[in-house]
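Asks:
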Amino acid sequence: MEREAIAALELTYDWLEKAIKSAIEKEKNRMGDLIWKASSELEYSLFLLSMKIGEENLPKTNPSSRLDPKFKGEIGPFLVSIQDLIVKAQELLRKKFYSEAYEAARAARNGLLRLHTMLERQRKEKKKL
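Numbering (this note's numbering), first residue to last: 143 to 271.
#1: Determine the direct distance from the alpha carbon of Glu167 to that of Ser241, and round the result to whole angstroms.
#2: Nearest CA to the CA of Tyr244: which residue from Glu152, Phe189, Thr154, Gly174?
#3: Does the distance from the CB of Ile224 to the CB of Ala250 come in under 8 Å?
#4: Do the region 168-177 and the region 246-261 touch if we need at least three Cβ pairs shorter than 8 Å?
#5: Residues in its own chain within less than 7 Å of Ala246 by CB, not counting five upstream and five downstream?
#6: Going by CA-CA distance only, name the one from Glu146, Lys170, Lys237, Lys269 that's closest to Leu257.
#7: Measure from the alpha carbon of Leu221 to the alpha carbon of each residue in Ala149, Arg145, Lys194, Lys163, then state which is nearest.
#8: Roughly how many whole angstroms lie between the Cα atoms of Pro219 and Met143?
#9: Where Ala150 and Lys268 are concerned, what is the direct C-alpha to C-alpha distance, given to the nearest angstrom?
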């Protein structure tokens, strides 16, 4: 289960790398698709980690944790900060710090959810015009 979680985090990182390239090339539709793929892999890794930790032992932190990446106006750097959390989660998982790895991955998910919301809002505003 641990290997699968690490593999899912690695795929998440790779999808985010492609999303960053799409952001640089200003391909918003492709970037959105890649972010969804990253989110899917990240959810899978969180599921595996929650199975490893056990429901009763999951960290009880606020959904917007201290680790959550902060959006400062640019999508590329925001995606990089999410990638940093993915790397942190991988390192913690390899050291068998499961709860801490879960927290880092959950913070990355919070960042991706924020980004999804923002992109959807932009898409709807563009449709209105």
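C-beta: ideal position from N, C-alpha, C; glycine also.
Replies: So, to answer that:
#1: The count along the sequence shown starts at 1 and reaches residue 241 at position 99. The count along the sequence shown starts at 1 and reaches residue 167 at position 25. Answer to the nearest angstrom: the Cα atoms are 37 Å apart.
#2: Counted from its first residue, the sequence shown places residue 244 at position 102. Just measuring C-alpha positions, the residue of Glu152, Phe189, Thr154, Gly174 sitting nearest Tyr244 is Phe189.
#3: As a working mapping, residue 224 is identified with position 82 in the sequence shown. As a working mapping, residue 250 is identified with position 108 in the sequence shown. At a Cβ-Cβ threshold of 8 Å, Ile224 and Ala250 count as neighbours.
#4: Taking a contact to require three or more Cβ pairs closer than 8 Å, the region 168-177 and the region 246-261 qualify as touching.
#5: By one-based count along the sequence shown, residue 246 stands at place 104. The answer, listed in chain order, is Leu209, Leu227, Lys230, Ala231, Leu234.
#6: Counting from one through the sequence shown, the residue named residue 257 turns up at place 115. Ranking the options by Cα distance to Leu257, first place goes to Lys170.
#7: Residue 221 sits at position 79 when you count from the first residue of the sequence shown. Distances from the alpha-carbon of Leu221 to those of Ala149, Arg145, Lys194, Lys163 put Lys163 closest.
#8: Looking up residue 219 in the sequence shown gives position 77. Looking up residue 143 in the sequence shown gives position 1. Between the C-alpha atoms of Pro219 and Met143 there is a straight-line separation of about 31 Å.
#9: Counting from 1 along the sequence shown, the entry for residue 150 is found at position 8. Counting from 1 along the sequence shown, the entry for residue 268 is found at position 126. Cα-Cα distance, rounded: 33 Å.
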